[in-house]
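Participant:
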Amino acid sequence: MTQLRDFLQRLNHAFRNLLPIILVVGLFQFVIIRQVPDAWLPMAVGLLIVVLGVALFLQGLELAIFPIGKNLSNEFARKGSLPLLMVFGFCLGFAAVIAEPALIAVAGQAEIISEGRISALILRVLVAMSVGLVVALGIVRILLGHSLHWYMIIGYLLVVIVTFFAPEEIVGLAYDSGGVTTNIVTVPLIAALGIGLAVSVRGRNPLLHGFGLVGLAVMVPMISVQIYGIIVYSFGEVREVAQGIAEAVDPEVTDVIQEVAGSVLLGMLRDLMIMFRDVLPIIAVVLVFQYLVIRKHIAHLHKVMGGFLLVIVGLYAFVVGLKMGLFPIGQAMAEQLIGLDGWLFVYLFAFAIGFATTMAEPALIAIGQKAQEAAKGRLDGNLIRMLVAVGVAVGITIGVHRIIAGDSIHYYIMGGYAVVILLTFLSPKYIVALAYDLGGVTTSEVTVPLVTALGIGLATNIEGRNVMIDGFGLIAFASIFPIISVMLYAIAVELANRWRGTES
1 MTQLRDFLQR
11 LNHAFRNLLP
21 IILVVGLFQF
31 VIIRQVPDAW
41 LPMAVGLLIV
51 VLGVALFLQG
61 LELAIFPIGK
71 NLSNEFARKG
81 SLPLLMVFGF
91 CLGFAAVIAE
101 PALIAVAGQA
111 EIISEGRISA
121 LILRVLVAMS
131 VGLVVALGIV
141 RILLGHSLHW
151 YMIIGYLLVV
161 IVTFFAPEEI
171 VGLAYDSGGV
181 TTNIVTVPLI
191 AALGIGLAVS
201 VRGRNPLLHG
211 FGLVGLAVMV
221 PMISVQIYGI
231 IVYSFGEVRE
241 VAQGIAEAVD
251 PEVTDVIQEV
261 AGSVLLGMLR
271 DLMIMFRDVL
281 PIIAVVLVFQ
291 YLVIRKHIAH
301 LHKVMGGFLL
311 VIVGLYAFVV
321 GLKMGLFPIG
331 QAMAEQLIGL
341 DGWLFVYLFA
351 FAIGFATTMA
361 EPALIAIGQK
371 AQEAAKGRLD
381 GNLIRMLVAV
391 GVAVGITIGV
401 HRIIAGDSIH
411 YYIMGGYAVV
421 ILLTFLSPKY
431 IVALAYDLGG
441 VTTSEVTVPL
451 VTALGIGLAT
461 NIEGRNVMID
471 GFGLIAFASI
481 FPIISVMLYA
491 IAVELANRWR
501 GTES
C-alpha cells in the first residue's frame, strides 16, 4: 500500500513537471497559432507515456539504486580509503550517465542527423567516462579541501581553447552533451555523494566543498566530445568503424535484431533488452561493490530486484513517449511558429518554455533546498529558483536568436564562458560551486527533448541552416546563463552589504 502511494506521488510529480510544457504549448497553439496539429492524438498519448515512464523510473531508483548507493557511500567514507572512494566515484558516475534518458535521446538524434557519422553508443560511453573521471577528481578535491575556483577557471579555459579548434558540426552537440549529463539519475546520486563527504570530513564546509561535483560533470564532457568531433571530422566516415565495433562486441545481438526487425512485438522486446543493456552498468556497479568490496548482503533483495525492473520498464516507456510526443511537438511548434509573420512569437515561446519548465524542475527544487540549509539563512531557495529560471529563459532565447540569425555558435559559447570565467574571479567564494551546480540541473528529462527538438525544428525549417551545425546548442545556452545570473546576484548582494556597511 505504501509503495502504491509513493508511486502515485511520483506520477503526480512527473505530471507537474510536464504541466508547464502543456500550458505553454496549449497557449501558443490555441491563442497564437490557432490550429491543432494533425497528429495531436499520438502526441498526447506520447506525453502520457512520458509521465508514466518517468514515474516508474523514479520509483525504481528509490527502491533499488538510491538506498544501495547511499549505503555504499557511507561504508566507503567510514573506511576512509581514498582509492576505494575514487574507484567507486568513477563507477557511480559512469553507470549513472550511461543510463541517463536525456543523453540517450540527444545521442540518438545526433546519430540520425549525422547519418551515422556520430555514433550514439560511442558518444554515450565517452560522456559517461568523462563524468566518472570527474566524480573521482571531485572526491579528491573535497577530501583535500581545495577551492573550486581554479578547477573551473582552468577547465573552462580548456573548453574555450578546444572550441576554437573544433568543427562547427560538433560544438553545439558537445555543449548539449555536457548539459544533459546531470538530470534524473545523476543529480541525486552525485550531489548526495559530495554533500555527504563534506559533512563527514572534519574541517569541510558543505556549501563550499559539498557542491561542485555536478558543475564538474557538466564541464568535462564538453572537452571530450569536442575532441571526439575533431577526430571524426578529420578522418572521414566512422559509420563502418562503429558498426564493426558493435558487431565485434556482440555479433549474435546484431543477427537477432536483423531477424526480428519486421515484428512489432519482438521489436518491443528488443527495445526492452536494449534498455536492460543501458541500465546494466548501474546494476553491475552496485553488485560488484556490495558483494566483492563491502562483502555484505543486500537488504530486502526482492524490493531491490523489483526496483531494477521498474527502472528498465520506465526508461523504455520514457523513450517511446519521446518518439511519440515531445520530439514531434517541438518540431511541429518550430514549423508553425516560423510560418507566422516575424520572429517575435518564436522568441516568446523560447522564453516561456525555458522559464516555465525550469520553475517546475524537481532537481532544481531539491538543490535549492539543500543550498538554503547549507548556507544557514544566507540564501533563499525560492529566490535561487527564480534566478535560475530567468537565466534559462534568457539563455534559450539567445540560443534561438543564434539559429535564426545563422551566427556561428563558437563566438556565442566562447563569449558566454569568458563572462563565466570573469565572474568566477569576482564572485564570493561561497556561491561559486553552487552556481556551477545550478547550471547543470536546469533542464529536466522532459525539457531536454523538447528544447532539442525545437532547435532541430528551427534549423530544419529555416533556409540556409545546417541541422547538425545549427540544430544543437540550446541546452548549452540553458546551462551557461543560470551560472551568470546566480553569480551576478551574489556579487550584487555582496556590494550592497559593503555599501550598507560603509553607510553605517
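Residue numbering for the sequence shown follows UniProt numbering, starting at 1 and increasing by one per position. Even for Gly, the Cβ is constructed at its ideal location relative to N, Cα and C. These figures come from a predicted structure and were not determined experimentally.
1) Decide if glycine 89 is buried, meaning its Cβ has at least 16 other Cβ atoms within 10 Å, or exposed.
2) Hey, out of Asn466, Asp380, Ser479 and Leu450, whose CA is closest to leucine 46's CA?
3) Would phenylalanine 57 and phenylalanine 318 be called neighbours here (beta carbons separated by less than 9 Å)?
4) By Cβ distance, which residues of its chain are closer than 6 Å to isoleucine 421, with the 5 residues on each side in sequence left out?
5) Rounded to a whole number of angstroms, what is the C-alpha to C-alpha distance between aspartate 255 and alanine 389?
6) Rounded to a whole number of angstroms, what is the C-alpha to C-alpha distance between valine 286 and isoleucine 68?
7) Let's test the definition: count the other Cβ atoms within 10 Å of the Cβ of asparagine 497 and tell me whether it reaches 16, buried, or not, exposed.
8) Any chance the stretch 123–140 sits against the stretch 94–110, with 3 or more Cβ pairs inside 8 Å?
9) Would you report the Cα separation of isoleucine 431 and arginine 270, rounded to the nearest angstrom?
10) Report buried or exposed for aspartate 437, applying the criterion of at least 16 other Cβ atoms within 10 angstroms of its Cβ.
11) If you run the structure through DSSP and keep just helix, strand and coil, what is phenylalanine 472?
12) With the cut-off set at 9 Å, would you say glycine 439 and serine 479 are in Cβ contact?
13) Could you give the distance in angstroms between the alpha-carbon of tryptophan 499 and the alpha-carbon of leucine 488?
14) Among the candidates Gly215, Ile274, Leu11 and Ile21, whose CA atom is the shortest distance from the CA of alanine 99?
15) Measure how close the beta-carbons of glutamine 226 and alanine 166 come, nearest whole angstrom, since I'm counting them as under 8 Å.
16) Are valine 36 and phenylalanine 30 close, meaning C-beta to C-beta below 9 Å?
17) For the candidate residues Asn71, Pro42, Asp6 and Ala371, whose alpha-carbon lies nearest to that of alanine 55?
18) Taking the runs of the alpha helix (DSSP H) that are 4 residues or longer, which of them lie wholly in the stretch 335–414?
19) Between glycine 93 and isoleucine 170, how many whole angstroms is the CB-CB distance? I'm expecting something under 8 Å.
20) Between the stretch 286–303 and the stretch 322–329, do at least 3 Cβ pairs fall closer than 8 Å?
21) Among Ala435, Gln331 and Thr452, which has the Cα closest to the Cα of glycine 381?
22) Using DSSP with H/G/I as helix, E/B as strand and the rest coil, what is aspartate 38?
23) When the Cα atoms are used, what is the spatial distance from leucine 173 to glycine 501?
24) Quick one: is serine 234 buried, meaning 16 or more other Cβ sit within 10 Å of its Cβ, or exposed?
Facilitator: Put simply:
1) Within the sequence shown, residue 89 is the residue found at index 89, counting from 1. Answer is buried; the Cβ neighbour count reaches 16.
2) Locating residue 46 in the sequence shown gives position 46, counting from the first residue. Note on identity: in this sequence residue 46 is glycine, with leucine being the wrong assignment. Taking each of Asn466, Asp380, Ser479 and Leu450 in turn and checking the Cα distance to glycine 46, the smallest one comes out for Leu450.
3) Your numbering for residue 57 matches position 57 in the sequence shown. Your numbering for residue 318 matches position 318 in the sequence shown. Taking 9 Å as the cut-off, the beta carbon of phenylalanine 57 is found closer than this to the beta carbon of phenylalanine 318.
4) Translated into the one-based positions of the sequence shown, residue 421 becomes position 421. Closer than 6 Å at Cβ, skipping near neighbours: Ile153 and Tyr156.
5) For the purposes of this step, residue 255 is identified with residue 255 of the sequence shown, where counting begins at 1. For the purposes of this step, residue 389 is identified with residue 389 of the sequence shown, where counting begins at 1. Here the model assigns aspartate 255 a pLDDT of 46, short of 50, so the residue's position is not dependable and the matter cannot be decided.
6) To locate residue 286, count along the sequence shown from 1; it is residue 286. To locate residue 68, count along the sequence shown from 1; it is residue 68. Valine 286 and isoleucine 68: Cα-Cα distance of roughly 7 Å.
7) Here residue 497 refers to the residue found at position 497 of the sequence shown. Only exposed fits asparagine 497, as fewer than 16 other CB atoms lie within 10 angstroms of its CB.
8) Yes: the two stretches touch, three or more of their Cβ pairs being nearer than 8 Å.
9) Start at 1 with the first residue of the sequence shown, and residue 431 comes out as number 431. Start at 1 with the first residue of the sequence shown, and residue 270 comes out as number 270. Linking isoleucine 431 to arginine 270 through their CA atoms gives a straight-line distance of about 46 Å.
10) Position 437 of the sequence shown holds residue 437. Buried, because 16 or more other Cβ atoms sit within 10 Å of the Cβ of aspartate 437.
11) The residue labelled residue 472 in the question sits at position 472 within the sequence shown. Phenylalanine 472 falls in the coil class under three-state DSSP.
12) Residue numbering aside, residue 439 sits at position 439 when the sequence shown is read from its first letter. Residue numbering aside, residue 479 sits at position 479 when the sequence shown is read from its first letter. Going by C-beta atoms, glycine 439 is nearer than 9 Å to serine 479.
13) Within the sequence shown, the letter at position 499 stands for residue 499. Within the sequence shown, the letter at position 488 stands for residue 488. Looking at the two C-alpha atoms, the distance is approximately 16 Å.
14) For this step, residue 99 is matched to residue 99 along the sequence shown. Cα-wise, what sits closest to alanine 99 is Ile274.
15) Here residue 226 refers to the residue found at position 226 when the sequence shown is read from its first residue. Here residue 166 refers to the residue found at position 166 when the sequence shown is read from its first residue. About 4 Å separates the two Cβ atoms, so the contact holds.
16) Taking the first residue of the sequence shown as 1, we reach residue 36 at position 36. Taking the first residue of the sequence shown as 1, we reach residue 30 at position 30. Yes, the Cβ-Cβ distance between valine 36 and phenylalanine 30 is below 9 Å.
17) In the sequence shown, counting from the first residue as 1, residue 55 sits at position 55. Closest by alpha carbon: Asp6.
18) The stretch 335–414 contains these whole alpha helix (DSSP H) runs: 344–359, 362–375 and 381–405.
19) Locating residue 93 in the sequence shown gives position 93, counting from the first residue. Locating residue 170 in the sequence shown gives position 170, counting from the first residue. Taking C-beta atoms under 8 Å as the contact rule, glycine 93 and isoleucine 170 fail to qualify, at a distance of about 22 Å.
20) Fewer than three beta-carbon pairs drawn from the stretch 286–303 and the stretch 322–329 are found closer than 8 Å, and the two stretches are therefore not classed as touching.
21) Here residue 381 is taken as the residue at index 381 of the sequence shown, counted from 1. For the options Ala435, Gln331 and Thr452, the alpha carbon positioned closest to that of glycine 381 is the one of Ala435.
22) Reading the sequence shown from its first residue, position 38 is the one you call residue 38. Here aspartate 38 sits in coil by DSSP.
23) As a position in the sequence shown, residue 173 is number 173, starting the count at 1. As a position in the sequence shown, residue 501 is number 501, starting the count at 1. Between leucine 173 and glycine 501, the C-alpha separation is close to 47 Å.
24) Taking the sequence shown and counting its residues from 1, the one referred to as residue 234 is at position 234. Counting C-beta atoms within 10 angstroms of its own C-beta, serine 234 has fewer than 16 neighbours from the protein chains shown and is therefore classed as exposed.
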